[in-house]
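Step one of this worksheet: look at the structure below.
2 protein chains.
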Amino acid sequence: MANQIPDDLSPLFAALADPTRRAVIKALSAGPRPVSHLAEAHDMALPSFLKHIDKLERAGVIATQKTGRVRTCYLHADALAPAQDWLAQEAKQWGDALDRLSAHLDAVEQEKKI
Amino acid sequence: MANQIPDDLSPLFAALADPTRRAVIKALSAGPRPVSHLAEAHDMALPSFLKHIDKLERAGVIATQKTGRVRTCYLHADALAPAQDWLAQEAKQWGDALDRLSAHLDAVEQEKKI
DNA sequence: GCATTACTTAGCCATATGGCTAATCAAATC
DNA sequence: GATTTGATTAGCCATATGGCTAAGTAATGC
Chain A
0 MANQIPDDLS PLFAALADPT RRAVIKALSA GPRPVSHLAE AHDMALPSFL KHIDKLERAG
60 VIATQKTGRV RTCYLHADAL APAQDWLAQE AKQWGDALDR LSAHLDAVEQ EKKI
Chain W
0 MANQIPDDLS PLFAALADPT RRAVIKALSA GPRPVSHLAE AHDMALPSFL KHIDKLERAG
60 VIATQKTGRV RTCYLHADAL APAQDWLAQE AKQWGDALDR LSAHLDAVEQ EKKI
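Heads up: the sequence lines are chains A and W, in that order.
Sequential numbering of the first sequence, starting at 0, is according to numbering that gives the first Met the number 0.
Sequential numbering of the second sequence, starting at 0, is according to numbering that gives the first Met the number 0.
Right, dumping it as C-alpha cells:
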C-alpha cells in the first residue's frame, strides 16, 4: 500500500517555519478552536492571521470546517509524521557522518604536518 | 543551566523547507564535501547554490571551513535536535487533541439532530 | 428588519527568496 | 608568470511572504 501522505516536505516545513503558525498548532493541541478565538492571542489584523490559517491548511497540518459564520480549526491527524520521519532518518545517519568528519579533520591535520 | 541551543526554530524549519537544501543535508550524511562537489548534483549556477549553503550555515545545520580555495561543508552535530524535539512534543499531544476532536464532532452531530 | 458578528475578498506595501549573469579574487597548476 | 579553477561579490529579476486597510457577505441576535 502506497503512502497516504504526499512526500512533499517543503510546504510542511515552510508551514512550521513561523512562530505564529507554531503557536496556532500548540493552541489546537488543546482541541478545536474557531479562527477568531485563535486570533485573539496574536497582535495582528484578522486577514493577516487568516493567511497563516490558510497556509497551515494547504500544508495539511490543520483542517477547518465552517458552521454558520464560524470557521472551526482542528489538527489533521499524523500531519507532522512526514517531517518527523525525515528528521529521524537523517539523525540516524549523523552519527556515522560525524565519525567521518573526525576522520576528515584528522586527515587535514596530518597534511598540515607533512 | 540554560539551553545551549537558541530556541528559534524558524530559521531551522525554513532551512529544511527546500528540496535543494534537504538534498545537501542528505549528501553530507556521507561525509564532508567541498561546495563545488555538492553543487554538481544540482542544475543551478554556483552563486545560486551558494545561497543555499549560506542559509544552511546561518541556520546552524552545517558548518564550513575554507582551506586554500576549497570550502568544505560538514554537518553540525545535533543541529536537527530542536526541530525533532518540537515535533516530538507536539506529536505527543495530538492523540489527546484528536480525542477531543471526536468529542467535538459528536457534539456537532448531536446538535444537528436536535 | 436592523445591527452586530465572523469571516472573506480585494488590493496595497515592504521585504525575503530563489534564480540568473558578469566580473573579481585568490590558490593551484602548467 | 600565465592560466585555470573554486569561490565570491555585485547587481538584476520575478515571485512569495507577511503585514496592512477598506469594503463586502452572510449568519446571528435584538
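Just so it is clear, CB atoms sit at the ideal spot from N, CA and C, and this is done for glycine as well.
Close beta carbons around residue i, own chain, < 7 angstroms, minus the five adjacent residues each side
i	result
A:C72	L27, P31, R32, V34, L37, I52, I61 and T63
A:K50	none
A:R68	none
Within 9 angstroms, strictly: CB atoms of residue i and residue j
i	j	result
A:F48	W:F12	no
W:Q83	A:Q83	yes
A:R57	A:P10	yes
W:L66	W:M43	Before going further, note that residue 66 of chain W is Thr rather than Leu in the sequence given. No, the pair does not count as a contact, with Cβ atoms beyond the cut-off.
Beta-carbon contacts of residue i that lie in its chain and below 6 angstroms, excluding the five residues immediately before and after
i	result
A:D17	none
A:G59	H75 and A78
W:A29	none
Whole-angstrom C-beta distance between residue j and residue i, which should lie under 8 angstroms
i	j	result
W:L115	A:E89	Because chain W in this structure spans residues 0 to 113, residue 115 of chain W falls outside the shown range and cannot be described.
W:A14	W:L45	That pair is no contact at about 19 angstroms.
Close beta carbons around residue i, own chain, < 8 angstroms, minus the five adjacent residues each side
i	result
W:I113	Residue placement at W:I113 cannot be trusted, given a pLDDT of 38 that sits under 50; the coordinates are not used to answer.
W:G94	none
Nearest candidate by alpha-carbon position, reference residue i, set the options
i	options	result
A:K25	A:H75, A:R57 and A:K65	A:H75
W:A40	W:D77, W:A22 and W:G94	W:A22
Residue i Cβ short of 8 angstroms to the ligand ATP heavy atom set
i	result
W:W85	For the structure depicted, the ligand ATP is absent and the ligand set is empty, with no information on it obtainable.
Please identify, using Cβ separations under 9 angstroms, the residues of the segment 14-46 of chain A that lie next to chain W, in order along the chain.
A14, L15, A16, D17, P18, R21, I24, K25, L27, S28, A29, G30 and P31
Please identify, using Cβ separations under 8 angstroms, the residues of the segment 84-96 of chain W that lie next to chain A, in order along the chain.
W85, L86, A87, E89, A90, Q92, W93, D95 and A96
In the segment 59-80 of chain W, which residues sit with their C-beta less than 9 angstroms from some C-beta in chain A, listed in chain order?
Q64, T66, T71, Y73, L74, A76, D77, A78, L79 and A80
Using a beta-carbon distance cut-off of less than 9 angstroms, what residues from the segment 48-59 of chain A approach chain W?
none
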